[in-house]
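Asker: Once you've had a glance at the structure underneath, I'll fire off some questions.
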Amino acid sequence: MLLLQDKVALVAGVANHRSIAWGISKALAGAGARLILTAQERVKATVEELAASLPDAIVLQMDVQRDDEIDAAFAEVERRYGGLDILVHSIGYAAAKLEGRYIDTTREGFLLALDISAYSFTALARRAEPLMERRGGGAMLTLTYLGSERVFPNYNVMGVAKAALEASVRYLAWDLGAKNIRVNAISSGPQRTLAARGIADFNLMWEQMKTSAPLRRNVEQDEVGQAALFLCSPMASAITGHILFVDAGYHVMGMSFGPKKASGAEGATD
Ligand code: NAD
Numbered sequence: 004m005l006l007l008q009d010k011v012a013l014v015a016g017v018a019n020h021r022s023i024a025w026g027i028s029k030a031l032a033g034a035g036a037r038l039i040l041t042a043q044e045r046v047k048a049t050v051e052e053l054a055a056s057l058p059d060a061i062v063l064q065m066d067v068q069r070d071d072e073i074d075a076a077f078a079e080v081e082r083r084y085g086g087l088d089i090l091v092h093s094i095g096y097a098a099a100k101l102e103g104r105y106i107d108t109t110r111e112g113f114l115l116a117l118d119i120s121a122y123s124f125t126a127l128a129r130r131a132e133p134l135m136e137r138r139g140g141g142a143m144l145t146l147t148y149l150g151s152e153r154v155f156p157n158y159n160v161m162g163v164a165k166a167a168l169e170a171s172v173r174y175l176a177w178d179l180g181a182k183n184i185r186v187n188a189i190s191s192g193p194q195r196t197l198a199a200r201g202i203a204d205f206n207l208m209w210e211q212m213k214t215s216a217p218l219r220r221n222v223e224q225d226e227v228g229q230a231a232l233f234l235c236s237p238m239a240s241a242i243t244g245h246i247l248f249v250d251a252g253y254h255v256m257g258m259s260f261g262p263k264k265a266s267g268a269e270g271a272t273d
């Protein structure tokens with residue numbers, strides 16, 4: 004008997020084979036889960052190609068800014084499977100390249116980043132709740148980054164969105180706990196994905212892991228996938244409202260040893 008035998012899992016946020024959500028999809032499918040991958044229209048064809056390599060996976064279109072698409076996707080899940088056991092939210096977006104000063108964030112840019120990167124988890128959780136209740140419980144998971152609690156130059160409005168997302172994890176855990184629905188997040192170390200390309204100096208974050216993380220290395224996509232499998236499985240049955248760091252230990256450090264100074268650090272004395 005596989006760990007997630009007969010479980011139905013909706014994974015939102017695969018864009019290509021580098022996506023963190025793809026690593027999670029492979030781990031969940033490998034443990035026996037039946038997958039529903041949701042994708043924005045612009046990446047749907049790519050996601051369909053990837054899904055073809057998984058047994059019993061389907062792809063549904065869902066832009067999280069569109070309530071009609073969210074409702075249609077969850078209605079289709081209900082029609083096909085009658086319920087849902089696992090929800091993975093691996094979505095983030097900011098209008099402009101993440102660079103410069105946070106103080107220059109426009110109202111429009113702030114609202115967009117917070118809507119797509121933070122509010123959407125709550126929007127999906129609300130639709131998933133009745134489907135999980137029917138199964139006697141479930142597990143929800145989202146993806147976050149240490150930029151929610153520490154300053155990473157350039158990460159800016161996304162750090163603020165991640166702080167809101169992490170607070171949502173705790174409030175959702177309380178709301179849904181009585182129904183045996185668990186809500187957690189993984190705080191991943193840097194990964195070379197499409198979303199990461201939008202962060203100026205991302206390479207610096209990546210390189211610094213090799214000198215500053217206790218494990219002296221970066222994190223593999225599969226390692227986040229395995230941690231997600233754990234959190235979504237019965238092995239984590241008493242864990243909720245938790246932010247699990249899968250970052251080679253980087254978050255425990257009080258000192259960093261970077262290959263070069265972050266931009267904006269000009270004038271600092273050595
Ligand atoms: P990615 O680009 O592969 O995934 C981001 C996904 O968000 C894409 O599939 C994109 O289609 C989706 N998305 C954006 N706007 C959307 C919308 N309106 N509706 C539906 N989907 C939308 O990049 P990723 O790095 O795998 O990002 C996944 C999550 O992991 C994000 O929340 C990101 O912030 C988080 N994360 C990434 C890193 C990293 O270094 N890459 C580290 C920690 C956390």
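The sequence shown: position 228 = 231 (the numbering used here), numbered continuously.
All C-beta atoms, glycine included, are put in the ideal place defined by N, C-alpha and C.
None of the values given here were measured: they were computed from a predicted structure.
1. Kindly indicate which residue of Ile-202, Ala-131, Arg-153 has the alpha-carbon position closest to the one of Leu-175.
2. Taking 7 Å as the threshold (C-beta atoms), are Ala-231 and Ile-27 in contact?
3. Since Gln-64 is in the beta strand (DSSP E), which residue starts that stretch and which ends it?
4. Which residues neighbour the ligand NAD when neighbourhood means a C-beta less than 5 Å away from any of its non-hydrogen atoms? List them by chain order.
5. Could you say which of Ile-39, Gln-64, Gly-35, Leu-38 lies nearest to Arg-45 if we only look at CA atoms?
6. Who pairs with Phe-248 in a beta bridge, going by DSSP?
7. For the alpha helix (DSSP H) holding Gly-180, just list the boundary residues, first then last.
8. Excluding sequence positions up to five away, which residues of its chain have a Cβ less than 7 Å from the Cβ of Gln-68?
9. DSSP on Ile-94, reduced to helix/strand/coil?
10. So which of Gln-194, Pro-217, Leu-218 has the shortest CA-CA distance to Leu-207?
11. Using 10 angstroms around the beta-carbon of Arg-219, count the other beta-carbons present and answer buried if the total reaches 16, otherwise exposed.
Answerer: The relevant details are as follows:
1. Proximity to Leu-175 across Ile-202, Ala-131, Arg-153 peaks at Ala-131, based on C-alpha coordinates.
2. Ile-27 is a Cβ neighbour of Ala-231, given a cutoff of 7 Å.
3. It spans 61-64 - the beta strand (DSSP E) in which Gln-64 sits, taken as one unbroken run.
4. Ordered along the chain, the selected set is Gly-16, Ala-18, Ser-22, Ile-23, Gln-43, Asp-66, Val-67, Gln-68, Ser-93, Ile-94, Gly-95, Tyr-96, Ile-119, Leu-146, Tyr-148, Ser-191, Pro-193, Gln-194, Thr-196, Leu-197, Ala-198, Ala-199.
5. For Arg-45, the nearest C-alpha among the options comes from Gln-64.
6. Under DSSP, Phe-248 forms a beta bridge with Ser-190.
7. DSSP places Gly-180 inside the alpha helix (DSSP H), whose first and last residues are 159-180.
8. Here the set comprises Asp-118, Ile-119.
9. Correct three-state label for Ile-94: coil.
10. Gln-194 is the residue among Gln-194, Pro-217, Leu-218 whose C-alpha sits nearest the C-alpha of Leu-207.
11. It is exposed - the Cβ of Arg-219 has fewer than 16 other Cβ atoms within 10 Å.
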